[in-house]
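Novice: Structure incoming, see below.
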Amino acid sequence: MSVDLKDRVCVVTGSARSIGLGLAQMYCELGAKVSMIDINPEVLKQAKRLEAEGYTVLGDVVDITDQKAVLRCFEKIVKDLGKVFCLANVAGYVSQQPFEKITPEEIDKVIRVNLNGTIYCCQAALKSMKNFGDGRIINFSSKSGKTGSAIMASYSAGKGAIIALTQAMAYEFADQNIKVNCVCPGIVEDSGVWSSVSRGYVENMEMSMDDVVKKFTAKVPLGRLCRIEDVVTFCRFLTLDGDYCTGQAFNITGGREMH
Ligand SMILES: NC(=O)c1ccc[n+]([C@@H]2O[C@H](COP(=O)([O-])OP(=O)(O)OC[C@H]3O[C@@H](n4cnc5c(N)ncnc54)[C@H](O)[C@@H]3O)[C@@H](O)[C@H]2O)c1
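Positions in the sequence shown are counted from 1; adding 3 to them yields the working numbering.
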């Protein structure tokens, strides 16, 4: 039976724009109380916009790599909205560097945002999810977390780690009925990550933007890039109807990744 999200609390990190914003909007429309977290203050504007449309939304500017700030933010969420039912760890950071030129600073940043940040948010959310009888965590890996991408070695490694993290957590919290899964999107049109990665390919491969888009679209059996709504629709399913799914890494790649 589908979960009724009415008045349940859903937290979405990285929700100032792109996929995270799409997810926050979807949870609002399903009647949830929504917490939007991002390091970018634009999240406050987006939260206010949704609030003005009549939804219950809390916006917070938080750097998810700051564990203490994350804990404080989740204490506030529980106080203002209630116990967390669903956490979508969308916030991420992509870096493109030829492997031999990867700097310690970039490795640290990629791992701190994608992996440490996800762990800190899970730990903080679990404080109110445990002993609640049900819960959902959706982590964001990538197609690059299953099959690594050239000139994106640290990002690929960080996203691969998210899959193992998801599996470990799924085992650890199954007895609390908390389902922990991750999604592995392919290239998502109109998103921050693709905007940055496609510019990187234009520079590194000396190709025009049109040719970059054509090259990567040609790799997708379904013949088009992923759309934000493809990811949102899948996360909606996981939240509402994924009651018997845990520890999975779901491809949303139009068939480009099949394992
Ligand atoms: N877009 C794609 O093609 C694609 C493909 C596969 C996986 N993903 C993953 O999906 C997720 C969303 O992708 P997107 O394209 O919507 O990303 P995006 O860059 O558009 O948005 C990510 C958001 O995370 C926020 N963020 C970054 N660092 C943060 C920090 N330290 N603390 C708090 N917030 C922080 C950013 O401010 C931004 O608003 C990411 O985890 C990404 O790695 C994206």
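Note that CB positions come from ideal geometry on N, CA and C, so glycine has one too.
What are the residues that DSSP puts in a beta bridge with A35?
Specialist: Within the sequence shown, residue 35 is the residue found at index 32, counting from 1. Looking at the DSSP assignment, A35 forms no beta bridge with any residue, so it has no partner.
Novice: Which stretch, first to last residue, makes up the beta strand (DSSP E) that contains F102?
Specialist: In the sequence shown, counting from the first residue as 1, residue 102 sits at position 99. F102 -> no beta strand (DSSP E), and no H or E assigned at all.
Novice: Roughly how many whole angstroms lie between the Cα atoms of N180 and E108?
Specialist: Here residue 180 refers to the residue found at position 177 when the sequence shown is read from its first residue. Here residue 108 refers to the residue found at position 105 when the sequence shown is read from its first residue. Cα-Cα distance, rounded: 38 Å.
Novice: Counting only the same chain and skipping the five closest in sequence on each side, list residues whose C-beta sits under 6 Å from that of V196.
Specialist: By 1-based counting over the sequence shown, the position of residue 196 is 193. Taken in chain order, the residues that qualify are V97.
Novice: Please classify C76: does DSSP put it in a helix, a strand, or coil?
Specialist: To locate residue 76, count along the sequence shown from 1; it is residue 73. Note: C76 maps to helix in three-state DSSP.
Novice: Between P101 and L129, what straight-line distance do the alpha-carbon atoms span, to the nearest angstrom?
Specialist: Residue 101 sits at position 98 when you count from the first residue of the sequence shown. Residue 129 sits at position 126 when you count from the first residue of the sequence shown. Taking the straight line from one Cα to the other gives about 37 Å.
Novice: Rounding to the nearest angstrom, what Cα-Cα distance links C229 and Q126 in this structure?
Specialist: Here residue 229 refers to the residue found at position 226 when the sequence shown is read from its first residue. Here residue 126 refers to the residue found at position 123 when the sequence shown is read from its first residue. Straight-line Cα distance between these residues: approximately 30 Å.
Novice: Are the Cβ atoms of S18 and V46 separated by less than 9 Å?
Specialist: Sequence index remark: in the sequence shown, residue 18 carries index 15 (1-based). Sequence index remark: in the sequence shown, residue 46 carries index 43 (1-based). Yes, they are a contact pair.
Novice: By the DSSP assignment, the alpha helix (DSSP H) with P107 in it spans what residues?
Specialist: Here residue 107 corresponds to residue number 104 of the sequence shown, with the count starting at 1. Where P107 is concerned, the enclosing alpha helix (DSSP H) stretches over P107 to I114.
Novice: With contact counted as at least three CB pairs below 8 Å, one residue from each stretch, are the stretch 27-38 and the stretch 236-254 in contact?
Specialist: yes
Novice: For the stretch 185-193 against the stretch 132-139, are there 3 or more C-beta pairs whose distance is under 8 Å?
Specialist: no
Novice: Considering V235, what are the terminal residues of the alpha helix (DSSP H) in which it resides?
Specialist: One-based indexing of the sequence shown puts residue 235 at position 232. Start and end: I231 to D244.
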